[in-house]
Ligand code: PEP
Ligand code: MG
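Numbering (this note's numbering), first residue to last: 1 to 655.
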C-alpha cells in the first residue's frame with residue numbers, strides 16, 4: 001500500500017479500479033504503399049467509424065458535451081481527413097503513416113499557439129490520431145464496464161466525455177490545472193480529480209485498485225482499507241439523501257446549459273446562481289441565433305419558476321475561445337479581450353444575447369449578470385445596450401422585461417470600486433476562480449504552480465469581506481459563484497462574512513447546504529448559550545460540589561457558582577470558546593470571557609498563590625482567543641503536593 005500526496009483539483013472520496021489511458025509510442029508507420037487508392041479507402045472508413053462513435057456519444061450526452069463532440073467530428077472530417085488524404089497522395093504512403101504525420105503536424109502547429117485554449121486542442125488532435133490509428137490497426141475501442149477511475153497523463157474535456165460518466169468515480173492525471181475546465185467538469189459530476197506525480201501516474205495499470213481521498217492517492221490498498229472505504233462511500237451516499245434544512249444563506253446551482261435541467265430539477269438548489277451562457281457559443285459552428293438563445297434561457301427560467309435564474313452574459317475569451325469569433329491572437333489572453341470586453345466590442349452579438357434574455361425574462365425570475373467588470377463605465381455601457389435591446393423589441397412589439405442586473409466581482413478593481421459599483425447594480429456575484437487568479441497573479445490554468453492558486457488565501461478572503469460589506473451598505477446582496485463557495489473548509493468563514501448566497505456545482509448543492517446549516521448554527525450558538533450554558537470540565541479528575549471545596553471563599557459562593565476538580569493530570573483546558581482576559585503573574589489563575597459575556601475564573605490549587613508561580617506554566621496570554629478543549633496551562637502536580645498544598649482546579653462562573 002502506498003500513499004502519494006497529490007494536488008486536489010476537486011477533492012472528495014473515490015474507490016474504484018483504474019482505467020489507464022496509455023499513450024502508445026507512435027512508432028512511425030511504414031510510409032511506402034503499393035496501393036494508394038486502397039490506403040485512401042482505409043482512411044475514409046476509419047474516419048467514418050470514428051465520426052459515428054463521436055455522434056453516438058453526442059446523442060447520449062447533455063447539450064454542452066454534445067456540442068464539443070460534434071465540433072470534434074467536424075474537425076475530423078475537415079482538417080484531419082483533408083490533411084491525411086493529401087499526405088497519402090503526395091507521399092504515396094500508408095493510411096497509418098498519413099494519420100500519424102497529420103496528427104503530429106496539426107498538434108504541433110496548435111501547440112505553438114499563444115492561446116491556452118487553442119493549445120489544449122493539440123491534445124484533442126493527438127487523441128484523435130491515436131484513435132484513428134487504433135481503428136486502422138483493427139484495435140477495439142475498449143470502454144470500462146465497471147466503476148473506474150480514469151488515469152491519464154493529461155485529459156481534454158472532449159476525451160473525458162468519451163468515457164461513461166455513470167461509471168466514472170474519479171480522475172487522476174499527471175498534468176492539468178486546478179482551475180481547468182476538466183476540473184470544473186469533474187466538479188459538475190461530483191467526482192474527485194487529483195493531479196499527481198508523473199512517474200506515479202504513469203506506473204498505474206488498468207485494473208489496479210485505487211483510492212482517491214482528499215489530496216491523497218492510495219495505490220494497492222489492503223483488503224481492510226478497501227472495504228472500509230467502500231462502506232464509507234455508501235454511508236455518505238445515504239447521508240446525502242437526508243432532507244435539508246432551510247438556511248439564511250441561499251444555496252444555488254451553477255449550470256452550463258439546458259442539458260443540466262434534469263439534474264437541476266432533481267437537486268435541492270434554491271435557484272440558478274450562475275448559468276454560464278458562453279457554452280452555447282463555444283465549440284459551435286455558427287453564432288447561436290436570438291431564437292436558439294431565447295429557447296435555452298426560457299427553458300431554464302421556466303423550470304426555476306419563482307426561484308432566481310442568474311444568466312451570465314457570454315464570458316468568451318482567455319481560455320474559452322469561439323473559433324467563429326476570430327479574436328486576434330493576444331500575448332496575455334487572460335488579461336486581454338474577454339468577458340464583458342468582448343461583448344462591448346461586438347455589440348451586435350451582445351444585443352442579440354440581450355434581446356434573447358429580455359424576452360426570456362418574461363417567463364420567470366431571470367436576472368442578468370456581466371463578467372469581468374473592472375470599471376464603472378462598463379456598467380453604464382451595459383445599461384445603454386439594455387435600453388437599445390429593449391427599444392428594438394419594442395419596435396418588434398415583442399414581449400420583454402428588463403430584469404435585475406448584477407456585476408460579477410472577479411477583479412481586484414471591482415472589489416475596490418464595490419461601494420460605487422453597488423450603486424449601479426442590483427447584486428454582486430463573486431467569481432472567486434478569477435478573483436484568485438487576478439489577486440494572486442497566478443494563471444488559473446497553470447500547470448505545476450497549484451500551491452500558488454489558493455482561493456482561501458487571506459488576501460482573497462479579505463476582498464470577499466470588502467465586497468460583502470460594500471454590498472450590504474448599499475442594500476444589495478452578494479453571492480459567491482466560484483468554486484470556493486462549495487469548499488467545505490471555506491464555508492464557515494463565508495457564512496460568518498455574511499455572504500448571502502453560495503452558487504456551486506450541481507453535485508455539491510446538498511453537501512454545501514448541510515455545511516451552511518451547520519455553520520449558521522454555530523454562529524448562532526452564543527445567543528442560545530445563556531439559556532443552555534454548556535461548559536466542559538476544565539480538567540480530568542474527581543469532581544467536587546461547591547460546598548465541598550476546601551476554601552471558604554469558593555465554598556460560600558461569594559465568588560459565584562463553582563465546581564472543584566481534583567486533577568489526575570497536570571493540564572487545564574478551556575471549558576468553552578472564549579477570550580482570555582487575565583492570567584495572574586504567578587500563573588495559578590486565569591479569567592476567561594465567553595461569547596455571552598460570562599466571566600469564568602479558573603483557579604488552580606488552594607493557597608497556591610504562595611508558590612509564586614513555581615510549578616505553573618500557562619500556555620496562553622491575556623487577549624488570546626481560545627477554543628473549547630484547548631490547553632490553557634500545564635502544572636507540576638508533584639511540586640504543588642510537595643509544598644503541602646491541594647492542586648484542586650476550581651472553576652467559578654462570576655456572572
Ligand atoms: C469565477 O471566475 O469564479 C467564475 C465563476 O467564472 P468562470 O469560472 O466561468 O470564469
Ligand atoms: Mg470568471
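Cβ coordinates follow ideal geometry from the N, Cα and C atoms, glycine included. For clarity, every value in this text was computed on a predicted model and none was experimentally measured.
- In the three-state scheme derived from DSSP, where H, G and I count as helix and E and B as strand, residue 472 is classed as helix.
- The ligand PEP approaches residue 315 closely enough that one of its heavy atoms is under 7 Å from the residue's Cβ.
- Listed in chain order, the non-local C-beta contacts of residue 128 below 8 Å within the same chain comprise 50, 72, 75, 76, 80 and 103, local neighbours out to five positions each way being set aside.
- Contact fails between the segment 218–237 and the segment 141–153, because fewer than three Cβ pairs, one in each stretch, are under 8 Å apart.
- Within its own chain, the residues whose Cβ lies closer than 8 Å to the Cβ of residue 378, once the five positions on either side in sequence are excluded, are 340, 344 and 370, listed in chain order.
- As DSSP reads the structure, residue 16 sits in a beta bridge with 210.
- Residue 83 has its Cβ no nearer than 7 Å to any heavy atom of the ligand MG.
- With a cut-off of 7 Å, the C-beta of residue 461 is classified as distant from the ligand PEP, since no heavy atom of the ligand falls inside that distance.
- A buried status is given to residue 514, since no fewer than 16 other beta-carbon atoms sit within 10 Å of its beta-carbon.
- Annotation: the continuous alpha helix (DSSP H) that includes residue 304 extends over 290–304.
- In the DSSP annotation of this structure, the continuous segment of the beta strand (DSSP E) that includes residue 590 starts and ends at 589–594.
- For residue 452, the number of other beta carbons within 10 angstroms of its own is below 16, and it is reported as exposed.
- Bridge pairing for residue 370: 407 [DSSP].
- Summarising the contact set, residues whose Cβ lies nearer than 6 Å to any heavy atom of the ligand PEP are, in chain order, 274, 276, 315, 410, 431, 432, 433, 434, 481 and 482.
- Leaving aside the five residues that flank residue 164 on each side, the residues in its chain whose CB is nearer than 8 Å to its CB run, in chain order, 143 and 144.
- Contact between residue 572 and residue 626 does not hold, since their C-beta atoms are separated by about 11 Å, which reaches or exceeds 8 Å.
- With a threshold of 7 Å, the Cβ atom of residue 455 does not count as near the ligand MG, since no heavy atom of the ligand is closer than that.
- Per DSSP, residue 433 is one residue of the alpha helix (DSSP H) stretching across 432–439.
- Per the Cβ contact rule, the segment 593–600 is in contact with the segment 573–583 (3 or more Cβ pairs under 8 Å).
- Taking a C-beta distance under 8 Å as the contact criterion, residue 561 and residue 643 do not qualify as a contact pair.
- Short of 7 Å from the beta carbon of residue 307, and not among the five residues preceding or following it, lie these beta carbons of its own chain, in chain order: 270, 271 and 365.
- The beta carbon of residue 371 sits closer than 7 Å to at least one heavy atom of the ligand MG.
- Within 10 angstroms of the beta-carbon of residue 286 lie fewer than 16 other beta-carbons, which makes it exposed.
- Rounded to whole angstroms, the Cβ separation of residue 520 and residue 247 is 6 Å, and the two are in contact under 8 Å.
- Fewer than three pairs of CB atoms, one per stretch, sit closer than 8 Å, so the segment 538–556 makes no contact with the segment 613–629.
- Scanning 230, 499, 346 and 492 for the CA closest to the CA of residue 463 turns up 499.
- A contact is defined here as three or more CB-CB pairs under 8 Å, and the segment 427–444 meets this definition with respect to the segment 405–412.
- Per DSSP, the unbroken beta strand (DSSP E) holding residue 7 starts and ends at 7–10.
- For residue 502, the uninterrupted beta strand (DSSP E) segment begins and ends at 501–505.
- Under the three-state reduction of DSSP output, residue 92 falls in the coil class, being neither helix nor strand.
- An exposed status is given to residue 332, since fewer than 16 other beta-carbon atoms sit within 10 Å of its beta-carbon.
- DSSP, reduced to helix, strand and coil, places residue 310 within a strand of the structure shown.
- A residue is called buried once 16 or more other Cβ atoms fall within 10 Å of its Cβ, and residue 459, having fewer, is exposed.
- DSSP places residue 619 in no beta strand (DSSP E); its state is neither H nor E.
- Your pair residue 401 and residue 358 checks out as a contact, with CB atoms roughly 7 Å apart and the cut at 8 Å.
- Under DSSP, residue 320 forms a beta bridge with 317.
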